[in-house]
Structures are given as structure tokens and as C-alpha cells.
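Below is one structure, written out as C-alpha cells; the observations come after it.
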Amino acid sequence: MWSSYFFITLKLQPVAMGRPRLNRMTGRTYLPQKTKETLQKISHLVKHQMLKNNVLPVEKKTPVYVSLVFVHRRPKSHKKTIERSPKTTRPDIDNIAKTYLDGLTRSGLFTDDSQVTLLQCEDLYGATDEAPHVIINVSIWRGTDEKTWLHHSDI
13 MWSSYFFITL KLQPVAMGRP RLNRMTGRTY LPQKTKETLQ KISHLVKHQM LKNNVLPVEK
73 KTPVYVSLVF VHRRPKSHKK TIERSPKTTR PDIDNIAKTY LDGLTRSGLF TDDSQVTLLQ
133 CEDLYGATDE APHVIINVSI WRGTDEKTWL HHSDI
């Protein structure tokens, strides 16, 4: 059974994870500046919220469920729609999710993003005049003695 553990709304424009670059002189790889800055902001804001709410890091072997909602600024060409609507343009949702999962890991909320066993993402254009933001909801698995559909050998 999933139990809600941590919730935060980040007032940030959703940013996709940039591809690592290679410095030909040194042979070292580095992240693009925009990605690096976004990861630092996410990590800082999540750490601050964890301290404020006395949230401890999730134990290493605990399964984690992360729900991410990315709300982008509505383009001016979408004048006729007023409510939120699905976004099907770049950046890709999986690359945006990588950024926020890495930010959560860097903040210390969980040890490694391999703990995430269930991931739900939504990529939307905001309603008219809605500022861009990201909603993050993290739940952890609290085992039960009850047999659920997960325990059936036929499935």
C-alpha cells in the first residue's frame, strides 16, 4: 500500500535534462549550465521543504512512487483554450522527468532513483495566465500482510 510521504510545488519552468558534453582538452564530461542550475535549484528547494516539514530521507531499500506534473506557460498561439491542455511538443517528458528525479536524489530525499518503482508524469500547458510550475508528490511503500493482485502467481 502506498503512503503519501512528501509533497512540493516548485515555481520553476520545467527543464529537460541536457545531454552531457565532452571537453576535448581535458577529456572530462560536464552538464550544460542550464541543467546544472536547475538541478541545484530543485535540490535546494526540496532540502528546504524537507527541513521545514521534518521529513527524513527514505530508507535505501524502500520502494518509492513519484508523481510529477509539469505545467508549462501557454503559448500565445493557443488563444482559444482557457483550461490546462496536454503538451505534445519538445522537450520530451522523459527528459524532463530525469531532471526532477536527479534533483530529488541530489536533495537526499532518496538514495538513488533506482528506488523509484512507480513513476507517473503529466506534461501540460497551463491555463490562461497560469505560471509555469512543477508538482511533485512522493509516496513510499508500506507493506501489508494482505494478499493483493501483486501476489498472485497467475499474473
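Residue numbering for the sequence shown follows the numbering used here, starting at 13 and increasing by one per position. Each residue gets a CB set at the ideal place from its N, CA and C atoms; glycine is no exception. No experiment lies behind these values; they were computed from the predicted model shown.
query, result
"Could you spell out where the beta strand (DSSP E) holding E134 opens and where it closes?", "128-137"
"Could you tell me whether the Cβ atoms of R96 and A139 are closer together than 7 Å?", "yes"
"Could you have a look at I152 and say whether DSSP puts it in helix, strand or coil?", "strand"
"Pairing CB atoms from the stretch 67-81 with CB atoms from the stretch 118-138, are three or more of them under 8 Å?", "yes"
"Since R85 contacts P144 with CB under 8 Å, what's their CB separation in whole angstroms?", "5 Å"
"Please return the same chain residues whose Cβ sits closer than 8 Å to the Cβ of T41, not counting the five positions on each side in sequence.", "P32, R33, L34, N35"
"Which residues mark the beginning and the end of the alpha helix (DSSP H) in which I105 is found?", "105-119"
"Of the residues G30, T38, W14, M13, which one's Cα is nearest the Cα of P103?", "G30"
"When you compare only the Cα positions, how much space is there between V70 and A109?", "19 Å"
"Could you tell me which of Y112, D125, I152, S126 sits nearest to L51, measuring between CA atoms?", "Y112"
"Please go through the same chain and pick out, in chain order, the residues whose beta-carbon is closer than 6 Å to the beta-carbon of H90, but skip the five residues on each side of it.", "none"
"Any idea which residues DSSP pairs H84 with across the strands?", "Y137"
"Under the DSSP definition of a beta bridge, which residues are partnered with Y42?", "R33"
"Could you tell me which residues DSSP pairs with P144 in its beta bridges?", "Partner(s): none; P144 has no beta bridge."
"Distance check for K48 and H60, CA to CA, integer angstroms please.", "18 Å"
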